Amino acid sequence: MKPTQYSEKVKEHFKNPKNVGEIENPDGEGTVGNPLCGDMMKMTIKVSKDGRLEDIKFKTYGCGSAIATSSIITEMAKGLTLEEALKITRKDVADELEGLPPIKMHCSNLAADALHAAIKDYLSRKERG
Ligand code: FES
Numbered sequence: 061m062k063p064t065q066y067s068e069k070v071k072e073h074f075k076n077p078k079n080v081g082e083i084e085n086p087d088g089e090g091t092v093g094n095p096l097c098g099d100m101m102k103m104t105i106k107v108s109k110d111g112r113l114e115d116i117k118f119k120t121y122g123c124g125s126a127i128a129t130s131s132i133i134t135e136m137a138k139g140l141t142l143e144e145a146l147k148i149t150r151k152d153v154a155d156e157l158e159g160l161p162p163i164k165m166h167c168s169n170l171a172a173d174a175l176h177a178a179i180k181d182y183l184s185r186k187e188r189g
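For the sequence shown, my numbering assigns the number 61 to the initial residue and increments by one for each residue that follows.
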């Protein structure tokens, strides 16, 4: 892939992102920033009684790749158990989007990191009762 070339899937998720917004009274939330560019992302999650991700929404103050990766990770992770969702890597997100231009690979960090942060927030809330 050329340094500036985007896959059709990236363009599709950028133009028509899924699960944008914020869940009211979420079970967990995670906000992360990308130190390389200053972009930010917030993920909110709802967890079902059997420990699956029932709903996920994101807000991204970032570039097109960050929006596309956030959108696709919400689709990848919905319905998964928390353990499964924690295993989604930045590379999985980029692969699912049929690749990202090399200079944009760092943008996929935000989506995976924000989702993992939201899950960890849920787990620590649960521990605290
Ligand atoms: Fe900041 Fe893509 S340039 S996340």
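We put the beta carbon where it would ideally sit given N, CA and C, even for glycine. This one's a predicted model, so the numbers in the text were calculated from it and none came from an experiment.
* Asked: If A145 sits next to I179, beta carbons under 8 Å apart, how far is it from one beta carbon to the other, in whole angstroms?
  -> Rounded, the Cβ-Cβ distance is 6 Å, consistent with contact.
* In its own chain, which residues sit with a C-beta less than 6 Å from the C-beta of M103, not counting the 5 before and 5 after it? -> Result list for M103: G90, F118, A174, L175, A178, in chain order.
* Asked: Does the segment 158-168 come within contact of the segment 125-138, defined as at least 3 CB pairs closer than 8 Å?
  -> The segment 158-168 vs the segment 125-138: in contact.
* Figure out for me which residue from I133, A137, G81 has the closest Cα to the Cα of V107. => Considering only I133, A137, G81, the residue with the shortest C-alpha distance to V107 is A137.
* **Terminal residues of the alpha helix (DSSP H) in which K80 lies** => Before going further, note that residue 80 is Val rather than Lys in the sequence given. Boundaries cannot be given for V80, as no alpha helix (DSSP H) includes it and DSSP labels it neither H nor E.
* Could you pull out every residue in the same chain whose Cβ sits closer than 7 Å to the Cβ of S184, ignoring the five residues on either side in sequence? => The same chain holds no residue with a CB closer than 7 Å to that of S184 once the five nearest residues on each side in sequence are set aside.
* **A172 beta carbon less than 8 Å from that of T149** => Cβ atoms of T149 and A172: closer than 8 Å.
* Asked: Shortest alpha-carbon distance to T120 belongs to which of V80, E187, L96?
  -> Relative to the Cα of T120, the nearest Cα in the group V80, E187, L96 belongs to V80.
* Looking at the structure shown, is K164 part of a helix, part of a strand, or coil, going by DSSP? -> Residue state, collapsed to three classes: helix.
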